[in-house]
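Undergrad:
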Amino acid sequence: MSPRPAVPTSPASTASPLLPGSTLGVMGGGQLGRMFVHAAQAMGYFTVVLDPDPDSPAGRVSHHHVHADYEDGDGLARLSRLADAVTTEFENVPAGALASLAGDVPVAPAADAVAIAQDRIREKAHFVRCSAEGGVGPAPYAVIETEDQLAAVGDELLPGILKTARLGYDGKGQQTVHTRAELAAAWAASGRVACVLEKRLPLAMECSVIVARGRDGQTVHFPPQRNLHRGGILAVTEVHEQNMPAAQAQRAVSATKSIAEGLDYVGVLCVEFFVLEDGSLVVNEMAPRPHNSGHYTLDACEQSQFELQVRTLAGLPLVVPRQHSPAIMLNILGDLWFVQGDGAQVEPPWDRVLALPGTHLHLYGKVEARRGRKMGHLNITGATVDQVREVAAQAASLLGLADSSAC
Ligand code: ADP
Ligand code: MG
């Protein structure tokens, strides 16, 4: 009998789940990677993190840490040898590196989806496509890559926000412009890189939706989060049923699902929305990974966004991650270490904060506090929304935070 023809055994085509005991890899060693590592280890997986920084928050808690740049061939080869599947924890990981890893090991989300989320021009085009049949579209915008496109910008987009197409986060790479002259100056100041000019909209509030989508297309979602930003950085997330009208929440969830589906996405995806004064929704941007606005899920839901990231990567079943408690998340920035104003660092009064009922402190193990740096977050859960709000206000006051309610 002739031998059977060899069946290709590329791990990328493996359909059976990776069970605990396997090794899950993550590109990037920041706080999102750290919380992914915690979730994976809690479920019995081994972990490997690729990050050039020896002190990276995720690298310091992972079983393996590959110290290498994201495009370093040897580093990527080591990661793919150690890991049975690889995910990412920040969207600016070079899509080319994910694509090359995918030749050796399953990668989720796929490089193509990450590449779209990395580029506001491609991202908005995807949102426009997904909204074609009456869905939720982006703010009016124009692409600016050439002098001709700059000259052709319509006045109706002013005042607007000029955003670099790539590498923006936490409000960086953005400038508000009121006139054509300001627009031209802002684009010149950007180095004439590819940008989008977006009409500045009057926001009634901001919200986000996180979905997890498996290899088989099954999709589950968390309830929409109501978010308050300060200085372009998320400050407070509040999640409970009275957060927003049910029909609005439903529209945000179904728009997020169609955005994920349109990418044939596998993994955890967050989509940010603006809610305008008339109650209409506008899609802002997406993150191909767990999101800061989903950190409350660690303490308020049956599965956290990080556990769902593990499940999607491992090909495990997805279950609806029921929220069992109303929640508020307060972001903790490095500014809190500098309350004295003389430049000296003082540890915030965690002992007093933790004396409050329903407080859950998450610090990311960053070696140095810096102003504007995300150092951790505080989740507050409780039996009722009022209780959660009251404790959040007390915690905010102990920490010297301006606000504790996103509503
Ligand atoms: P980042 O990648 O920095 O999060 P975003 O595009 O989400 O960039 O912008 C950051 C914040 O700036 C938003 O959460 C919102 O508060 C504000 N913002 C951005 N675009 C607009 C807009 N078109 N109109 C009004 N506010 C906006
Ligand atoms: Mg944003």
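Residue numbers for the sequence shown follow this note's numbering, beginning at 10 and rising by one.
C-beta atoms are modelled at their ideal positions from N, C-alpha and C, and glycine is treated no differently.
A quick note: this is a predicted structure, and the numbers were derived from the prediction, not measured.
Measure the alpha-carbon distance for Gln259 versus Leu210 and round it to whole angstroms.
TA: Counting from one through the sequence shown, the residue named residue 259 turns up at place 250. Counting from one through the sequence shown, the residue named residue 210 turns up at place 201. Spanning the two alpha carbons is a distance of roughly 22 angstroms.
Undergrad: Label Ser89 either buried or exposed according to how many other C-beta atoms from any shown protein chain fall within 10 Å of its C-beta, with 16 as the threshold for buried.
TA: What you label residue 89 is simply residue 80 of the sequence shown in a count that begins at 1. It counts as buried.
Undergrad: Check Gln40 in the structure and name its three-state DSSP category.
TA: One-based indexing of the sequence shown puts residue 40 at position 31. Correct three-state label for Gln40: helix.
Undergrad: Determine, using beta carbons only, whether Val46 and Val75 come nearer to each other than 7 angstroms.
TA: Against the sequence shown, residue 46 aligns to sequence position 37. Against the sequence shown, residue 75 aligns to sequence position 66. Not a contact, by the Cβ cut-off of 7 angstroms.
Undergrad: Going by DSSP, what residues sit across from Leu285 in a beta bridge?
TA: Here residue 285 refers to the residue found at position 276 when the sequence shown is read from its first residue. Bridge partners of Leu285: Leu212.
Undergrad: Between Glu294 and ligand 2, is there a pair consisting of the residue's CB and a ligand heavy atom that are separated by less than 6 angstroms?
TA: Here residue 294 is taken as the residue at index 285 of the sequence shown, counted from 1. Yes - ligand 2 has a heavy atom lying nearer than 6 angstroms to the Cβ of Glu294.
Undergrad: Within 10 angstroms of the Cβ of Val6, are there 16 or more other Cβ atoms? Answer buried if so, exposed if not.
TA: The structure shown has nothing for residue 6, since the chain only spans 10 to 416.
Undergrad: Who are Glu294's beta bridge partners in DSSP?
TA: Along the sequence shown, read from residue 1 onward, the residue named residue 294 stands at position 285. DSSP lists Glu281 as partners of Glu294.
Undergrad: If the criterion is Cβ atoms closer than 7 angstroms, does the pair Gln312 and Pro299 meet it?
TA: Taking the first residue of the sequence shown as 1, we reach residue 312 at position 303. Taking the first residue of the sequence shown as 1, we reach residue 299 at position 290. In this structure, Pro299 does not lie closer than 7 angstroms to Gln312 by Cβ.
Undergrad: Under 6 angstroms from any heavy atom of ligand 1, does the C-beta of His135 make it?
TA: Indexing the sequence shown from 1 puts residue 135 at position 126. Because no heavy atom of ligand 1 lies under 6 angstroms away, the Cβ of His135 does not count as near it: no.
Undergrad: Give the single residue among Leu167, Ile268, Ala126 and Met384 whose Cα lies nearest to the Cα of Thr228.
TA: The residue you call residue 228 lines up with position 219 of the sequence shown. Looking at the Cα atoms, Ile268 is the closest of the given residues.
Undergrad: What number of angstroms, rounded off, separates the C-alpha of Asp273 from the C-alpha of Arg380?
TA: Here residue 273 refers to the residue found at position 264 when the sequence shown is read from its first residue. Here residue 380 refers to the residue found at position 371 when the sequence shown is read from its first residue. Approximately 38 angstroms, taken between the alpha carbons.
Undergrad: Give me, in chain order, the residues of the same chain whose beta-carbon lies closer than 8 angstroms to that of Arg138; leave out the 5 immediate sequence neighbours on both sides.
TA: One-based indexing of the sequence shown puts residue 138 at position 129. Only Gly271 meet the Cβ criterion.
Undergrad: Bridge partners of Asn236, per DSSP?
TA: As a working mapping, residue 236 is identified with position 227 in the sequence shown. Its beta-bridge partners are Glu215 and Thr246.
Undergrad: Report buried or exposed for Leu290, applying the criterion of at least 16 other Cβ atoms within 10 angstroms of its Cβ.
TA: Counting from 1 along the sequence shown, the entry for residue 290 is found at position 281. It counts as buried.
Undergrad: Could you tell me the distance, in whole angstroms, from the CA atom of Gly226 to the CA atom of Ala323?
TA: Within the sequence shown, residue 226 is the residue found at index 217, counting from 1. Within the sequence shown, residue 323 is the residue found at index 314, counting from 1. Roughly 14 angstroms separates the two Cα atoms.
Undergrad: Just to confirm my understanding: we take His72, look at its own chain, exclude 5 residues before and 5 after, and list those with CB closer than 6 angstroms. What are they?
TA: Start at 1 with the first residue of the sequence shown, and residue 72 comes out as number 63. Only Phe55 and Thr56 meet the Cβ criterion.
Undergrad: Sorry if obvious, but does the Cβ on Glu281 come closer than 6 angstroms to a heavy atom of ligand 2?
TA: What you label residue 281 is simply residue 272 of the sequence shown in a count that begins at 1. Indeed, a heavy atom of ligand 2 lies less than 6 angstroms from the Cβ.
Undergrad: From Asp83 to Pro103, what does the alpha carbon distance come to, in whole angstroms?
TA: Counting from 1 along the sequence shown, the entry for residue 83 is found at position 74. Counting from 1 along the sequence shown, the entry for residue 103 is found at position 94. Looking at the two C-alpha atoms, the distance is approximately 15 angstroms.
Undergrad: Examine ligand 1 and report whether any of its heavy atoms sits within less than 6 angstroms of the Cβ of Glu250.
TA: As a working mapping, residue 250 is identified with position 241 in the sequence shown. No, since every heavy atom of ligand 1 falls outside the 6 angstroms radius drawn around the Cβ of Glu250.
Undergrad: How big is the Cα-Cα spacing for Gln354 and Asp344?
TA: Within the sequence shown, the letter at position 345 stands for residue 354. Within the sequence shown, the letter at position 335 stands for residue 344. Roughly 9 angstroms between the two C-alpha positions.
Undergrad: Does the separation of the CB atoms of Leu317 and Gly223 fall below 7 angstroms?
TA: Taking the first residue of the sequence shown as position 1, residue 317 is located at position 308. Taking the first residue of the sequence shown as position 1, residue 223 is located at position 214. No.
Undergrad: Could you have a look at Gln184 and say whether DSSP puts it in helix, strand or coil?
TA: Stepping through the sequence shown from its first residue, residue 184 is reached at position 175. Gln184: strand per DSSP, three-state reduction.
Undergrad: For Cys216 and Val202, I'd like the C-alpha separation in whole angstroms.
TA: The sequence position of residue 216 within the sequence shown is 207, counting from 1. The sequence position of residue 202 within the sequence shown is 193, counting from 1. Approximately 29 angstroms, taken between the alpha carbons.
Undergrad: Considering just the uninterrupted stretch of the alpha helix (DSSP H) at Val355, what are its terminal residues?
TA: Taking the first residue of the sequence shown as position 1, residue 355 is located at position 346. Neither: Val355 is in no alpha helix (DSSP H) and is coded neither H nor E.
Undergrad: Would you list, in sequence order, the uninterrupted alpha helix (DSSP H) runs of no fewer than 4 residues that lie entirely inside the region 76-129?
TA: Entirely contained in the region 76-129, the alpha helix (DSSP H) runs reaching 4 residues are, in chain order, 82-91, 104-110 and 120-126.
Undergrad: Heavy atom of ligand 1 less than 6 angstroms from the Cβ of Glu247, yes or no?
TA: To locate residue 247, count along the sequence shown from 1; it is residue 238. No, the Cβ of Glu247 stays beyond 6 angstroms of every heavy atom of ligand 1.
Undergrad: I'd like to confirm something about Ala148: is its beta-carbon nearer than 6 angstroms to some heavy atom of ligand 1, or not?
TA: On the sequence shown, position 139 is the one that residue 148 refers to. Ala148: yes, Cβ under 6 angstroms from ligand 1.
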